Amino acid sequence: MRSSPQRAAEICGVDADDIRCAARLLGTAERLLSTVLQGFYQSHQATAAAVQVNNIHLVRGMLGKPGCGILQMNGQPTAENTRECGADGDLPGFRNWSNDEHVADLARVWNIEPQQIPHYAPPTHAMQMFRYAEEGTLRMLWVTATNPAVSLPELSRIRDILAQTRLFLVVEDIFMTETAELADVVLPAAAWGEKTGTFTNADRTVHLSEKAIEPPGFARSDLDIFLDYARRMDFRDKDGRPLMWWTDPESAFEAWKKCSAGRPCDYTGLSYDKLRGGSGIQWPCNADYPDGTERLYTDAGFWAHPDYCEAYGKDLITGAPLEPTEYRAMNAYGRAIIKAAEYIRPHEPTTADFPFALITGRTLYHFHTRTKTARAPQLQGAAPEMWVEVSRRDAGRLGIAEGDTVEVSTRAAGSAAPPGSAASATACCSCRSITAIGTPGATVAIIGLPMSSR
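The numbers in UniProt numbering rise by one with no breaks, and the one at position 152 of the sequence shown is 152.
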């Protein structure tokens, strides 16, 4: 597989000399810190793109040193926690679904039989869950702290699925969201500041967030709701004891410490009292590192050994998971792996009828589906409606002026699409450029697009 700056320029629309300049910056920097966020994760060949950032750091040796590293960032606070504890469908403690010993170890921690932990296939992703619900093979959804009636693709279809009478929908949230409006049962949840718990930054720093006020009305913390549900369902371990023996945030944290023992995110050296004593502690924190671990990979050791790794990886083109035997043959000693992937054209390339590529962006004033920010008058007033940014050249060709209302439709909607399939937005004719920003004693080149000034 070979490529060139010119080939990349043809694909990306970025001048080949600019690509060479970026490569020179990355290839000669004395220190290199990279951050990766939703622009990668929610794009074409997203996994492959994120892996290439890892590759650059591996090739340059820019890991385990001061001022070096990769922050594979999260889209929202506590997302790192969901990955660590398995709340996104993975096994807790970065255990490997395909490793029977990992499953048996988790069963030992929970005191259940290994076969009670389903591990015959990778976790079912959200769009597949909705496909099952659409087909009728999945009859219940419990939605917590997310708003799929706004956030998912193919919204018209998703809303139809959520509204099915045969689907029993439970929504647990702090406000009556668009998804909650379709629910059979709504469980009012406590918000930040109304409950106690820990959260972890992308740099592994664990913080304690103390409860400040009581939640209003009948609202309860997520932990209380789940524990109440577990008690009512009478979940028990193999000795007949309650499966969830913890009763409050601190005892739940103690249970999590036992679950994390020996894994990359080892919390065994942490406690609520210890976290109250400072501004956060980085895992792993255990008997070997009682004050936490400031920097990983200082010994060039990685968590990639076949007996320890979280996953055996996937084919970056097909997405097919590697078999354990394949991974062991490829990486018997647990070294870091350089993985490349060829460019694949998008499934929906631009055409004469649909000549534009839509890139979703962020605004300073709203967060995700606006569940909270739209209820703040100052934020809603600053950005009350959608807008679409169009280059001045395209706007002039199409006769679009600043402030016009335009309709944006996709090939998926088509010409015979039902009303509401297209989105109306206010046009913002922009002229973006890539510029350097000055910092004390240095000039930093921005590689990529600047944020909107709107």
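Heads up, the beta-carbon is just placed ideally off N, CA and C, and yes, glycines get one too. The model shown is predicted, which means the values in this text are computed figures rather than measured ones.
- Taking 8 angstroms as the cut-off, the beta carbon of L63 is found no closer than this to the beta carbon of T35.
- Nearest to I11 by C-alpha distance, out of T350, C68, A423, M127, is T350.
- Residue burial annotation: E310 is buried, with at least 16 other C-beta atoms found within 10 angstroms of its C-beta.
- The three-state reading of DSSP puts C428 in strand, counting E and B together.
- A straight line joining the alpha-carbon of W142 with that of R60 spans about 45 angstroms.
- Y267 places its beta carbon 8 angstroms or farther from that of E250.
- When secondary structure is reduced to three states using DSSP, M330 falls in the helix class.
- For A212, the CB contacts under 7 angstroms within the same chain, skipping 5 residues up- and downstream, are G193 in chain order.
- Residue state for T198 is assigned as strand, using DSSP reduced to three classes.
- Nearest to T360 by alpha-carbon distance, out of N55, V388, D105, I338, is V388.
- Bounds of any beta strand (DSSP E) do not take in P5; it lies within the alpha helix (DSSP H) bounded by 5-12.
- Rounded to whole angstroms, the gap between the alpha carbons of W245 and T146 is 27 angstroms.
- Between G277 and P290, the CB-CB gap reaches or exceeds 8 angstroms.
- With respect to the 8 angstroms criterion, N111 and K238 are classified as neighbours on the basis of their beta carbons.
- Counting along the chain, L155 sits inside the alpha helix (DSSP H) bounded by residues 155-162.
- Within the same chain, and ignoring the five residues on either side of A332 in sequence, the residues whose Cβ sits closer than 8 angstroms to its Cβ are P306.
- In the three-state scheme derived from DSSP, where H, G and I count as helix and E and B as strand, S279 is classed as coil.
- Within the same chain, I174 come within 6 angstroms of A191 by CB-CB distance, once the 5 residues on both sides are set aside.
- When DSSP states are grouped into helix, strand and coil, K314 belongs to the strand group.
- Here the region 161-173 lies against the region 128-139, with 3 or more beta-carbon pairs under 8 angstroms apart.
- Note on the region 252-278: whole alpha helix (DSSP H) runs with a minimum of 4 residues are 272-275, in chain order.
- Here S409 carries a coil assignment [DSSP, helix/strand/coil].
- Listed in chain order, the non-local C-beta contacts of E402 below 6 angstroms within the same chain comprise C429, local neighbours out to five positions each way being set aside.
- Residue pairing for P321: DSSP places it in a beta bridge opposite K314.
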